[in-house]
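Residue numbers (the numbering used here), protein chains in the order written: chain C, 1 to 150; chain R, 1001 to 1528.
Note that CB positions come from ideal geometry on N, CA and C, so glycine has one too.
One structure below.
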């Protein structure tokens, strides 16, 4: 899975704000500049911002830990974009599914040389992991695992 | 005997002079400081108020200490307050100020940039008080007909004299938001609010050690709970800034809140953003939700996140003063009492009466659905300067000898000791090919099927006898339509199955952040 670029996030924000403004019958700005404060400019209200965060998660299919971003920065387009891009590049937090799949992944040959004990330590692992989620049981890794354990 | 709304605050300011009354903009005001500033403002307003002037003061301030000083100062001057909000479109604020007929206006520094625009349509002479700013000469020269008073012009607090109080003295005038037409001003009397407060402070056993959230803007009447429940017993009201509002979890922890009050939407988003992890908010002892239907899933997630708290769902239109029924969420027994995946609105406050009627205003039998009518000590004075609308909504029903307020909400008349359940708005019931369809029921099935809480059903297209079908708007990412349709179709008769599903990142909301069904209807009319 390739990394999400700030441009993709910009497009998403742009469309999101445009839609919200259109629905309220308000004018849509031509572009959101990096220093635009979505909250103070009145484009979205505080509840709308919580919705936007939820929408970002849904759109990019990942939980984003917004707690790490300061509230002052969170509403400004530039810092928000940078933060979301960085979060999406980071490995997912460990979920029960991850823990369940962990032995399979550990046995995969291409990952044998990695430090797999801490799933959050290797960025590439996470991308690999996202791409293989759900398919894991059916893939060759699973066969390898059976081979290794039997 | 009825008491003035300010009397609780004055009592607390003597008993708890050095305790915190308000935290706003990272500044803290003790009861003594808040009293001094509010009395000083009131003492300045009092001699300026002309005989026979409308007893109202507008407060154009947003989440600042001055906003709280303005509210109390207006009341202590003998006036009701009219909250104005700089985050609203200026035309809306202008119309509120204009229609309220207030002759005094309190402005905080952050709202000052909008002042010139706000004053433009105002014909009458105004006294404009800006307690945060010393030099107002530029405003004075631009608006010679008005009087501007800055920090240096304020009278000392000792000059304040307790004003005359009448039973029907107005506490506040609030303009209810509507998706169409001009907002209606609801005039709420001080006795309405004191009746509400009396029950609330006793029920939740508020003490000086409590710290209450203020998630609501002052233009939303639920904010009255936060301020006056706190001040009644010497507690502290913690007002987050506009930016802090987007981090509600951090706000609860940093402010060490004991009492939480918000719209259910906040809980819904917090859940989706992973902010409702079990045991996360141990400081909370009371969590209240009001303003829109509370989904069962949000109530139970909140209770897990705030394990030391009770969770209650409150219900009440502005016309019945803040809230007038409530329901305690109990994970072991509540599920059986919920309808449509929504927590019941429960039982009326002790001083309030319930009547459930059909379209001819005749009381329905227990267990039947109908429109909720209520009256009692919290029933407000009616609509400001609008006798026709007041008479239409506050009426005497056949066979009764008293006035009831028509809420426009559909409920089930309880059987035995069952709680009241909210089934939607009267206007959310539509006829489809002659069948009576409650849109809330369609919404509930779609909510279950897609796992998203933001679901609004709309009757569409219009026919002579009602509607030809239902369409649904869903807040969230697009899902596999066929699967969704199949799941919903398995649960509903054919005429109720949505013909189309419209996914949106954000559904239209009105000024109070409630879903705006009419706006969605308009989207359909305009071909989306």
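Contact under 7 Å by Cβ, residue i with residue j
i, j, result
"residue 1233 of chain R", "residue 1193 of chain R", "no"
"residue 1503 of chain R", "residue 1478 of chain R", "yes"
"residue 1035 of chain R", "residue 1012 of chain R", "no"
"residue 1188 of chain R", "residue 1380 of chain R", "yes"
"residue 1105 of chain R", "residue 1065 of chain R", "no"
"residue 1235 of chain R", "residue 1254 of chain R", "no"
"residue 1074 of chain R", "residue 1057 of chain R", "yes"
"residue 39 of chain C", "residue 47 of chain C", "no"
"residue 1521 of chain R", "residue 1442 of chain R", "no"
"residue 1413 of chain R", "residue 1364 of chain R", "yes"
"residue 1390 of chain R", "residue 1361 of chain R", "no"
"residue 1382 of chain R", "residue 1351 of chain R", "no"
"residue 1111 of chain R", "residue 1061 of chain R", "yes"
"residue 1251 of chain R", "residue 1264 of chain R", "no"
"residue 1221 of chain R", "residue 1212 of chain R", "no"
"residue 54 of chain C", "residue 1433 of chain R", "no"
"residue 1059 of chain R", "residue 1083 of chain R", "yes"
"residue 1497 of chain R", "residue 1466 of chain R", "no"
Close Cβ partners of residue i (< 6 Å) along its chain, the five nearest in sequence each way excluded
i, result
"residue 1275 of chain R", "1249"
"residue 1371 of chain R", "1357, 1426"
"residue 1319 of chain R", "1186, 1380, 1405"
"residue 1316 of chain R", "1322, 1323, 1324"
"residue 1445 of chain R", "1488, 1491, 1492"
"residue 1037 of chain R", "1069"
"residue 1196 of chain R", "1321, 1322, 1378"
"residue 1175 of chain R", "1096, 1183, 1185"
"residue 1007 of chain R", "none"
"residue 1368 of chain R", "1413"
"residue 1294 of chain R", "1264, 1313, 1343"
Close beta carbons around residue i, own chain, < 8 Å, minus the five adjacent residues each side
i, result
"residue 1401 of chain R", "none"
"residue 8 of chain C", "none"
"residue 113 of chain C", "Annotation note: pLDDT 27 at residue 113 of chain C (below 50); position unreliable, coordinate value reported separately. Excluding residues within five positions, none has a Cβ falling inside 8 Å."
"residue 1286 of chain R", "1204, 1258, 1259, 1260, 1309, 1310, 1312"
"residue 1524 of chain R", "1458, 1460, 1461, 1471"
"residue 1300 of chain R", "1329, 1331"
Beta-bridge partners of residue i, as assigned by DSSP
i, result
"residue 1236 of chain R", "R:1211"
"residue 1260 of chain R", "R:1287"
"residue 1397 of chain R", "None, per the DSSP bridge assignment."
"residue 1467 of chain R", "R:1432, R:1462"
"residue 1251 of chain R", "Answer is none; residue 1251 of chain R lacks a bridge partner."
Cutoff 7 Å; reference residue i; Cβ partners in own chain excluding five residues on either side
i, result
"residue 1338 of chain R", "1296, 1344"
"residue 1424 of chain R", "1410, 1438, 1439, 1440"
"residue 1346 of chain R", "1313, 1325, 1326, 1327, 1419, 1420"
"residue 1448 of chain R", "1341"
"residue 1179 of chain R", "The predicted position of residue 1179 of chain R is uncertain, since its pLDDT is 38 and thus under 50; no value can be drawn from it."
"residue 60 of chain C", "4, 88"
"residue 1136 of chain R", "1130, 1148, 1150"
Beta-carbon neighbours of residue i, restricted to chain C and to distances below 8 Å
i, result
"residue 1103 of chain R", "The premise fails here: residue 1103 of chain R is roughly 29 Å from chain C at the closest Cβ pair, so nothing lies under 8 Å."
"residue 1529 of chain R", "Lying outside 1001 to 1528, the shown extent of chain R, residue 1529 of chain R is not represented and no answer is given."
"residue 1087 of chain R", "42, 45"
Under 7 Å by beta carbon: chain R residues contacting residue i
i, result
"residue 54 of chain C", "1269, 1272, 1273"
"residue 46 of chain C", "1242, 1245, 1246"
"residue 11 of chain C", "Ordered by position in chain R, no residue passes the 7 Å Cβ test against residue 11 of chain C, which lies about 13 Å from the chain."
"residue 66 of chain C", "1273"
"residue 86 of chain C", "Within 7 Å Cβ-Cβ: nothing; residue 86 of chain C doesn't reach chain R, min ~17 Å."
Listed by chain order, chain R residues near residue i by CB distance under 9 Å
i, result
"residue 63 of chain C", "1273, 1274"
"residue 19 of chain C", "1504, 1505, 1506"
"residue 32 of chain C", "The premise fails here: residue 32 of chain C is roughly 15 Å from chain R at the closest Cβ pair, so nothing lies under 9 Å."
Contact set between residue i and chain C, taken where Cβ atoms lie within less than 9 Å
i, result
"residue 1155 of chain R", "The premise fails here: residue 1155 of chain R is roughly 35 Å from chain C at the closest Cβ pair, so nothing lies under 9 Å."
"residue 1483 of chain R", "The premise fails here: residue 1483 of chain R is roughly 17 Å from chain C at the closest Cβ pair, so nothing lies under 9 Å."
"residue 1476 of chain R", "54, 55, 58"
"residue 1400 of chain R", "Under the 9 Å cutoff, chain C gives no residues; its nearest Cβ is about 40 Å from residue 1400 of chain R."
"residue 1250 of chain R", "67, 71"
Any C-beta of chain D under 7 Å from that of residue i
i, result
"residue 3 of chain C", "Given the protein chain composition of this structure (C and R), no chain D is represented."
Proximal chain R residues relative to residue i, where beta-carbon distance stays under 8 Å
i, result
"residue 39 of chain C", "1242, 1243, 1246"
Check your understanding: Do the stretch 1164-1177 of chain R and the stretch 1072-1088 of chain R make contact, defined as three or more Cβ pairs closer than 8 Å?
Key -> yes
Exercise for review: Take every Cβ of the stretch 1131-1149 of chain R, pair it with every Cβ of the stretch 1114-1123 of chain R, and state whether three or more of those distances are shorter than 8 Å.
Suggested key: yes
Review point. Does the stretch 74-82 of chain C come close enough to the stretch 27-45 of chain C to have 3 or more Cβ pairs within less than 8 Å?
Key: yes
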